[in-house]
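Numbering (my numbering), first residue to last: 5 to 367.
C-beta atoms are modelled at their ideal positions from N, C-alpha and C, and glycine is treated no differently.
All values derive from a computational prediction rather than experimental measurement.
Step one of this worksheet: look at the structure below.
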Ligand code: PEP
Ligand code: MN
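This is how it looks when you write it as structure tokens:
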């Protein structure tokens, strides 16, 4: 059972629709930009208007946000469009200023969640306040740190609490700006099913063309909403230009989203049950085969021991990987998956062989 006492999204008193879509510019730039964006977004099926006022930038000298004035532009624009507003807060002072200006939802950014001191400062400023707060995942794929951030906010008394999945930073270059690593928000859902999860396709993708697919995936995985950056003139945006879309394109994306249902009628339930039974059968078969494979690995371990050769033989390992990856490609399995799977199996074989060698050596 989740130890979070959470008020569901629909009871936040903000008229949040399904699908829950938060949209708005990466950064608030001018009063006019905020107003025009809100005006063009207001009929695009969104539930809240976002804008960054204080921008944590990777390098100094980049646009670091318009500051406090922008808060009022955001709130005015929200009022104009009849939409609740949301802003990123990173310090106690940000919280005070945002609340004083009348912002409806606060969010903690990825660069803040990594630092427990900063999250605690935000949490302390929230004591005694009833405002919804969304906590983005930390930059690094650390679920405990993400949950810890939400715990600090929750302990301060915030029950209207949610998570934002914005992907994870990595040194290796991938097609994403931040790797989605869906297994983390899925595990968060398993551990704390009552915490609403909003996915941020903009910061996951870092570019426009994949936004729709990532947003759809969020709903296919039964998450609760999406946050997508939208700018009146994306290419001219002062931050994150490549990933922003016009309000009209945002509307197209929102209308294309299919929100699937978790529950099915009986007949469909039976079909799904049958398919799941087939999966169970295959999994059980795989487990048996793995057991057999490990038995052979142990025999090889004994043989290696008797003949005084090392456990790890790189040539043989390269051969295995290449052969299996080639065969896997014919079954539409990615090389990445096969390498990861074979590595996991290999590690287990080595563990079995090491045990044999140590045990016999110890006798
Ligand atoms: C943002 O939402 O504009 C932002 C700065 O996001 P993140 O904290 O995910 O990098
Ligand atoms: Mn941004």
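Inter-residue spacing [alpha-carbon to alpha-carbon] between residue 379 and residue 165: Since the first and last residues shown for the chain are 5 and 367, residue 379 lies out of range.
Assigned exposure category for residue 338 - 16 Cβ within 10 Å defines buried: exposed
Closer than 7 Å: residue 2 CB and nearest ligand 2 heavy atom: Summary: the structure shown does not reach residue 2, with the chain confined to residues 5 through 367, and so no result is reported for it.
Residue 233 Cβ short of 7 Å to ligand 2 heavy atom set: yes
Under 8 Å between C-beta atoms of residue 124 and residue 156: yes
Cβ pair residue 167, residue 199 closer than 8 Å: yes
Residues of its chain near residue 358, where Cβ-Cβ distance is below 7 Å and the 5 sequence neighbours each way are ignored: 315
Assigned exposure category for residue 141 - 16 Cβ within 10 Å defines buried: buried
Cut-off 7 Å between Cβ atoms - residues of its own chain near residue 326, not counting five sequence neighbours on either side: none
DSSP bridge partner residues for residue 24 (one or two, in chain order): 229
Residue 258 (DSSP reduced to helix, strand or coil): helix
Sequence-distant residues of the same chain with beta carbon closer than 7 Å to residue 186, five excluded per side: 225
Sub-8 Å separation of residue 85 and residue 43 beta-carbons: yes
Reference residue 259, options 246, 344, 298, 219, closest by Cα: 219
Contacts around residue 59, its chain only, beta-carbon distance under 7 Å, and the 5 residues preceding and following it disregarded: 31, 67, 68, 69, 243
Nonlocal neighbours in the same chain, by C-beta distance under 8 Å from residue 366, ignoring five residues either side: No answer about residue 366 holds up, because its pLDDT of 46 lies below 50 and its placement is not dependable.
Inter-stretch contact (C-beta, 8 Å, three-pair minimum) for the stretch 114 to 133 and the stretch 143 to 157: yes
Distance between beta carbons of residue 99 and residue 129, contact taken as under 8 Å: 4 Å
Contained alpha helix (DSSP H) runs [length at least 4] in the stretch 72 to 152, N- to C-terminal order: 72 to 85, 96 to 105, 114 to 117, 120 to 130
Heavy atom of ligand 2 within 7 Å of residue 169 beta-carbon: no
Proximity to residue 79 [Cα-Cα], best of 204, 62, 103: 103
Exposure of residue 182, with buried meaning 16 or more beta-carbon neighbours within 10 Å: buried
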